[in-house]
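Colleague:
In our numbering, the protein residues as written are 1253 to 2096.
1. Does the Cβ of residue 1882 have 16 or more other Cβ atoms within 10 Å, making it buried, or fewer, making it exposed?
2. Do residue 1324 and residue 1427 have their CB atoms nearer than 7 Å?
3. Roughly how far, in whole angstroms, is the beta-carbon of residue 1610 from the beta-carbon of residue 1537, given that I think they are within contact range, below 8 Å?
4. Do residue 2065 and residue 1945 have their C-beta atoms within less than 7 Å of each other?
5. Are the beta-carbon atoms of residue 2112 and residue 1460 separated by less than 7 Å?
6. Using CA atoms only, rank isn't needed, just tell me which of 1836, 1898, 2072 is closest to residue 2032.
7. Between which two residues does the alpha helix (DSSP H) carrying residue 1781 extend?
8. Compute the beta-carbon to beta-carbon distance between residue 1564 and residue 1516, rounded to the nearest angstrom, for a pair I have assumed lies under 8 Å.
9. Could you round the C-beta distance between residue 1554 and residue 1911 to whole angstroms and report it? I think they count as a contact, below 8 Å.
10. To the nearest angstrom, report how far apart residue 2009 and residue 1602 are at their CA atoms.
11. Using a Cβ-Cβ distance cut-off of 7 Å, determine whether residue 1806 contacts chain C.
12. How about the region 1718–1725 and the region 1694–1702: do they share at least three Cβ pairs that are nearer than 8 Å?
13. Please report how far the alpha carbon of residue 1442 lies from the alpha carbon of residue 1301, in whole angstroms.
14. Alpha carbons only, please: which of 1768, 1394, 1421 is nearest the one belonging to residue 1407?
15. Could you tell me which residues DSSP puts in a beta bridge with residue 1938?
16. Taking contact to mean 3 or more Cβ pairs, one atom from each stretch, closer than 8 Å, check whether the region 1820–1838 and the region 1797–1810 are in contact.
17. Buried or exposed for residue 2100, going by 16 or more other Cβ atoms inside 10 Å?
18. When you compare the CB positions of residue 1902 and residue 1875, do they come within less than 7 Å of one another, or not?
19. Relative to the C-alpha of residue 2050, which residue among 1979, 1904, 2062 is closest?
20. Between residue 1328 and residue 1297, is the Cβ-Cβ spacing less than 7 Å?
21. Taking the straight line between their C-alpha atoms, what separation do you get for residue 1272 and residue 1514?
22. Tell me the rounded alpha-carbon separation between residue 1544 and residue 1590.
23. Buried or exposed for residue 1258, going by 16 or more other Cβ atoms inside 10 Å?
24. Residue 1922 to residue 1943, Cα distance in whole Å?
25. Which of the three DSSP states, helix, strand or coil, is assigned to residue 2019?
26. Please determine if the region 1328–1340 and the region 1300–1317 are in contact, where contact requires at least 3 C-beta pairs separated by less than 8 Å.
27. When we look at the beta-carbon of residue 1909 and count the other beta-carbons within 10 Å, is it buried (16 or more) or exposed?
28. Per the contact definition of three or more C-beta pairs closer than 8 Å, is the region 1470–1479 in contact with the region 1283–1295?
29. With contact counted as at least three CB pairs below 8 Å, one residue from each stretch, are the region 1923–1931 and the region 1883–1890 in contact?
30. With distances taken Cα to Cα, identify the nearest neighbour of residue 1745 among 1321, 1665, 1941.
31. What are the residues that DSSP puts in a beta bridge with residue 1854?
32. Taking the alpha-carbon of residue 1472 as reference, which of 1270, 1612, 1917 has the nearest alpha-carbon?
33. How many Å lie between residue 1266 and residue 1531 at the Cα?
34. Near residue 1955, what residues of its chain come up, given a Cβ to Cβ distance below 6 Å and the 5 sequence neighbours on each side ignored?
35. Judging by CA-CA distance, which residue of 1370, 1960, 1387, 1414 is the nearest neighbour of residue 1399?
36. Could you pull out every unbroken alpha helix (DSSP H) segment of at least 4 residues lying fully inside the region 1255–1321, listed in chain order?
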């Protein structure tokens, strides 16, 4: 009671420890170590026969069993005698009313500072809790009973207890209900036998069954395994603690990368020009509280993102020369970042809430953590479950069988932490998604580079595993909040398969061969269970057959750019688009650099659109949008031709991204005075996520000389003004590129060697066959024109056979070709057969 009178530099907090306490705060518990970092002094009472018995075994002395309900009457009587005021936080308003009436009768001289019965929404809200603390401080409570139930009461005290003004805080969960007479005490004989838990279970079986029958035995095992008579060391605060917690004000602006800074932000981009500037604006507001420098490693195949970053001259932004993946980009950015107290890894599609960086640094200073992660929210404001548990066989099996169903299942059956309470309080975690990580500089130096084997996904799991191996803690700080767009990597079967493949790679790196084999079986089982779902088709084969892992997205190096150091020739780019909202954005993003030069006019001819295609096009500065009422590509091409004024002209399908290098090279070929009337850039097939049969078809097709020499197949071709005069108007034909190819002789058309255009192929045999039916239907409309014929194709196909593998590819090609030409099939698919499978997501 001396502490309640004011002795002591920090508040004294008293808690009762039993098996339920060990479940929450003991080794392996969700809140392990959370109470050690609070600016408080803790006194632990042993409340529970197993703990009393174990303490006696370890120390050789007798320990009393003390519970808050047993001590409260004496505490209140002594407080009344000493004239100390007592406040009560928790319990229902009715319970508080009844408890107050009883106290007036039993302790008429007790000074009651106040009764507070806040709802859970108030306790979970930082502003609400701070307001509550202000009220308690104003009331002048010397002793504050916090009766919120375990673990909420201990966590609330750890976060806010020092702000209440109370000298002593008692975490006595059900005391208000005991005082009110709402809870019946166990008979003395039952308590003396250590069976009070059985008494309570019999009274409230529905509420307490999980605690006593499921969590209790597990906690008892932890007690026997991990308890010791040694006093554990409290984690030391970081050397930057004072700097991190003290608020400092400085001019708004990023620090040059050559100078030392409190924080060095590392950002990896891939076609994120529309995202990264918004992120930087939100980060810029944080520079008034700490010095921040920014390094952006751009993995994009075109300079569009770097052009956007020119608005931030203090930011060091550079092209990596390829798509190095997330880990490779972080390593490249860190190499140029110089020195700082900490490194902040940020996704470009984040938006930082005010004060978030300072909150991360304050948490690092307070806890001494090696890494601190923030609270992430979706764009609609809902919570994004970003916290994860260490991958294990049981968790992989639980996730395989249940996925996101039964989110309340035990932690050993789920890698993802779905419990909302985990996101309400700061605590130690095993790992979290890598969208935002504050890494202490000395930890970053000791852990070393991120493992680039993973390319995308699991790289943060690997990195944070190595952080824990050093003995450094990873801490979650909910006060630091950020909004995550979660669109940076896109979605596709290949990317989903990469997630699974990298989980297997991770298990092999950190576990024995036998363990990794069982873990792999669990991952394959997950893919198998989801194989019938449309969004998961093709993933099982990619995951189960490791020989196909080479087809998954991986690091690539771009060829040296050519033709982008100078402005392109004057030209027009025409894009016919019918309901292309899912892909048009990325197509136009590739054209932002040519648009910025003012030399290239871009016209999007929206024909018969009923989606957001027109709006997406109109949102890009410099793009001209025309609306054609009928859903006709031919009508769109002719309408755009009438609107365009510049020559030459390049016609681009709405799902094709043309790199600036490829566009410039094609325009130069058409502008040269060498007789070239028609040209297209080189192209390469992207069969990521495609079935074996589809990949075999396109392997065979790529070996045919006419495929690489013709104007069709790339989704893009260009005409000079003289070439267009020969064309006149586009005729009413399905295959406009085949018509253009046959309109010009070999000497009048050219395939330009340059950075290739990527052509995404269908992913399933059914979709490929449907697409071929449209192609062959278009070819029949061109009968009578010179050009490729079936006999020539058969000769080239036979010549491409060099062995069993190429023979099998040729056989698959022939089977598709024959099936696609069947009259009955072509009649049954007379509608426009669009390949939706390659439009499902972008890779990056």
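Think of the CB as a built atom: it goes at the ideal place given N, C-alpha and C, for glycine as much as any other residue.
Modeller: This is what the structure gives:
1. exposed
2. yes
3. Not quite, the Cβ-Cβ distance comes to about 11 Å (not below 8 Å), so this is no contact.
4. no
5. Only positions 1253 to 2096 of the chain appear in this structure, which leaves residue 2112 out of reach.
6. 2072
7. 1765–1782
8. Incorrect: roughly 15 Å between the Cβ atoms, too far for contact.
9. 5 Å
10. 30 Å
11. The chain inventory of the structure shown lacks chain C, comprising one protein chain alone.
12. yes
13. 12 Å
14. 1421
15. 2012
16. no
17. Since the first and last residues shown for the chain are 1253 and 2096, residue 2100 lies out of range.
18. no
19. 2062
20. no
21. 41 Å
22. 12 Å
23. exposed
24. 38 Å
25. helix
26. no
27. buried
28. no
29. no
30. 1941
31. 1825, 1875
32. 1270
33. 44 Å
34. 2052
35. 1370
36. 1271–1277, 1301–1311
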